[in-house]
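Quick note: the sequence shown, position 18, residue 30 per this note's numbering, numbers continuous.
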Amino acid sequence: MQEVSITPRKIEENYCEFLLSEVTPAVANAIRRTLISDVPMLAIDDVMIVENTSVLFDEIIAHRLALIPLKVDENTFEALLECYEEGKRDECIASLIMEIDAEKPLMVYSGHLKFGGFVSGVNMPSKVSIAPVSDIIPIVKLNAGQRLVLEAYAKMGVGKEHAKWQPVSVAAYKYYPKITILEDECDEECERCVASCPRGVLECRDGKIRVVEDKIEDCTMCRACEEACSGKVKVSGDDRKFIFKVEGIGVLPASMLVEIALRRVISRIRRFENAIQQLLNAS
């Protein structure tokens, strides 16, 4: 059995693309589902409204605040993650404060939320950075003379509890394309085959049909080429090799989210192995 291979293809702050090899579709899907629903993140979970004379009910403002993604520095996140995994998330709560008096019509944005420190915290770093991923997420519009004073409390959670704890907007994979040329002699039918490919993956060169190697990953496996020249080209997917794409929402770098998801999957596998071993020992 070969070792699992992860080959980075493109890494940006909020985007990560990599090639995952020597795994089954079940493993690839486990990573995808973990990224969406089981990577702990920080989000507002409780709001204390001190004063609200805006046009919106307290509950609506609280709901809007909860859906504002919070960017956390990596050291603070690791400390919060440790709290969560030890079952102490209610002991690691951060506060964000907002106090606004509108002297004229004013739109309240996420940038008005200011980190107020930890209400409680276990082994928190001395330097902490917690803030909305964007300062221009609208919350409510105040008219002149209206006031909004509140304190929001954020804690760790996962996407399967609520969407506000989901750290990615996209986590998807596709099979690595496999294109087999059954008859490489190029004739009029093959020229139609090459022309039918919407991604330009095939070419006719030296009288023979060929796959453009640096474009094979662009293949969407639409099989238009198979329909254009039946019996000369076969398109399928490699069920041991996957192209993975992850797009974050800014709470952490996308590559770090993938790393955490892998750690979570491995941790669950080890717990499962230990449970099986205990059962075997008991029997």
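Beta carbons: idealized from backbone N, C-alpha and C, even for Gly.
{"Asked": "Per-residue burial, ASP57 [other beta carbons within 10 Å of its own, 16 or more giving buried]", "Found": "buried"}
{"Asked": "ILE281 burial status per 10 Å Cβ neighbour count (16 or more: buried)", "Found": "exposed"}
{"Asked": "Reference LEU47; option with closest CA among LEU194, LYS244, VAL170 and SER242", "Found": "VAL170"}
{"Asked": "ILE255 beta carbon less than 9 Å from that of LEU5", "Found": "This structure does not reach residue 5, given that the chain is present from 13 up to 295, and the question cannot be answered."}
{"Asked": "TYR187 versus GLU215: straight-line alpha-carbon distance, rounded", "Found": "22 Å"}
{"Asked": "Buried versus exposed, by CB contacts within 10 Å (16 or more), GLN178", "Found": "buried"}
{"Asked": "Local Cβ density within 10 Å of SER138, reported as buried at 16 or more and exposed below that", "Found": "exposed"}
{"Asked": "The beta strand (DSSP E) enclosing ALA175, as first and last residue numbers", "Found": "ALA175 -> no beta strand (DSSP E), and no H or E assigned at all."}
{"Asked": "Selection from ASP70, ASN155, ALA236 and SER242 that minimises the alpha carbon distance to LEU118", "Found": "ASN155"}
{"Asked": "Residue(s) in a DSSP beta bridge with ILE61", "Found": "LEU162"}
{"Asked": "Exposure of ASN300, with buried meaning 16 or more beta-carbon neighbours within 10 Å", "Found": "No answer is possible for residue 300: it lies beyond the span of the chain, which begins at 13 and ends at 295."}
{"Asked": "ALA294 in three-state terms, based on DSSP", "Found": "helix"}
{"Asked": "Rounded Cβ spacing between ILE228 and PRO189 (contact assumed at less than 8 Å)", "Found": "6 Å"}
{"Asked": "Whole-angstrom distance between ALA74 and ASP103, CA atom to CA atom", "Found": "Contrary to the premise, residue 103 reads as Glu rather than Asp in this sequence. Approximately 21 Å between the Cα atoms of the pair."}
{"Asked": "DSSP state of CYS205 mapped onto helix, strand, coil", "Found": "helix"}
{"Asked": "When ASP113, TYR165, PRO37 and SER181 are compared against GLY262, the one with the closest alpha-carbon", "Found": "SER181"}
{"Asked": "Cα-Cα separation, ASP226 to GLY243", "Found": "24 Å"}
{"Asked": "Close-in-space but distant-in-sequence residues of the same chain around VAL84 (CB under 6 Å, 5 per side omitted)", "Found": "LEU54 and ILE142"}
{"Asked": "Alpha helix (DSSP H) runs contained entirely in the segment 179-259, provided each spans 4 or more residues", "Found": "200-208 and 236-240"}
{"Asked": "Where PHE284 falls, given that 16 or more other Cβ within 10 Å makes a residue buried", "Found": "exposed"}
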